[in-house]
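>
Residue numbers (this note's numbering): 554 to 736.
#1: Could you name each continuous alpha helix (DSSP H) segment of 4 residues or more that falls completely within the stretch 680–711, going from the start of the chain to the end?
#2: By Cβ distance, which residues of its chain are closer than 6 angstroms to residue 573, with the 5 residues on each side in sequence left out?
#3: Restricting to Cα atoms, I'd like to know which of 673, 629 and 591 is closest to residue 684.
#4: Helix, strand or coil, according to DSSP, for residue 660 in the structure here?
#5: Nearest-angstrom Cα distance between residue 631 and residue 721?
#6: Would you call residue 694 buried or exposed, if buried means 16 or more other Cβ atoms sit within 10 Å of its Cβ?
#7: Name the DSSP bridge partner or partners of residue 716?
#8: Across the stretch 621–639 and the stretch 579–592, are there enough close Cβ pairs to call them in contact, namely three or more that are closer than 8 angstroms?
#9: So, at 6 angstroms on beta carbons, what are the nonlocal neighbours of residue 696 in its own chain, with the 5 sequence-adjacent residues on each side left out?
#10: Quick check: residue 608 and residue 586, are their CB atoms within less than 7 angstroms of each other?
#11: Which of the three DSSP states, helix, strand or coil, is assigned to residue 626?
#12: With 16 as the cutoff for other CB atoms within 10 Å, does residue 706 come out buried or exposed?
#13: Distance check for residue 718 and residue 620, CA to CA, integer angstroms please.
#14: Drop a sphere of 10 angstroms on the beta-carbon of residue 604, count the other beta-carbons inside from all chains shown, and report buried for 16 or more, exposed for fewer.
#15: DSSP three-state label for residue 617, please.
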């Protein structure tokens, strides 16, 4: 069996970068629509209901997914300029961007600024699962008290659901990392 031709690997890399750039354009468009709705709907405050619904219809997704795109767009435009640049150029994909945004969401701007460059470097080399661990390692090293407080806050959102379906059943759990490892 011969090696995969380099030209096809280059084409694959180029396609992945192009896909990442398009994902960034979609997130940035959601952010722009969000800003537009807030600017034009100051009197009635209907943005949350109508804006999310219109975005969802345009994207062919749920309002919850549309809102998650807005949240990522807001974080990239207001707190994460280095991550935004790496996403915009196609270096980093949406799952990695979402991972970073989700973890850094409840941290202060000062902490985010102090760790962003290191986290972006981690995002360039790690998939979302290992990236999450790297982010926590960085936070525990740079801002241990805030990271500990954030983990305590996250514990409030633990949940386990059980859904029987005939002979099979589905269990879905949102747990802390140590709890999940023990399970």
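Note that beta-carbon positions come from the ideal geometry of N, C-alpha and C, so glycine has one too.
The answer reads as follows:
#1: Taking only runs of at least 4 residues, the alpha helix (DSSP H) segments lying wholly in the stretch 680–711 are 681–695 and 697–708.
#2: Locating residue 573 in the chain shown gives position 20, where the first residue counts as 1. Within the same chain, 643 and 646 come within 6 angstroms of residue 573 by CB-CB distance, once the 5 residues on both sides are set aside.
#3: Within the chain shown, residue 684 is the residue found at index 131, counting from 1. It is 673.
#4: Against the chain shown, residue 660 aligns to sequence position 107. Here residue 660 sits in coil by DSSP.
#5: Taking the first residue of the chain shown as 1, we reach residue 631 at position 78. Taking the first residue of the chain shown as 1, we reach residue 721 at position 168. Here the alpha carbons of residue 721 and residue 631 stand approximately 45 angstroms from one another.
#6: Here residue 694 is taken as the residue at index 141 of the chain shown, counted from 1. Here residue 694 is exposed, its C-beta having fewer than 16 other C-beta atoms within 10 Å.
#7: Within the chain shown, residue 716 is the residue found at index 163, counting from 1. Beta-bridge pairing links residue 716 to 723.
#8: These segments touch.
#9: On the chain shown, position 143 is the one that residue 696 refers to. Non-local beta-carbon contacts of residue 696 in its own chain, meaning distances under 6 angstroms to residues more than five positions away in sequence, involve 664 in chain order.
#10: The sequence position of residue 608 within the chain shown is 55, counting from 1. The sequence position of residue 586 within the chain shown is 33, counting from 1. Yes, these two residues count as a Cβ contact at 7 angstroms.
#11: As a first step, residue 626 must be located in the chain shown, where it is residue number 73. In the three-state DSSP reduction, residue 626 falls in the helix class (H, G or I).
#12: The residue you call residue 706 lines up with position 153 of the chain shown. By the neighbour-count definition (other C-beta atoms within 10 Å, threshold 16), residue 706 is an exposed residue.
#13: As a working mapping, residue 620 is identified with position 67 in the chain shown. As a working mapping, residue 718 is identified with position 165 in the chain shown. Taking C-alpha positions only, residue 620 is separated from residue 718 by approximately 30 angstroms.
#14: In the chain shown, residue 604 corresponds to position 51, counting from 1. Buried, because 16 or more other Cβ atoms sit within 10 Å of the Cβ of residue 604.
#15: Walking along the chain shown from the start, residue 617 turns up at place 64. Of the three classes helix, strand and coil, the one that applies to residue 617 here is helix, per DSSP.
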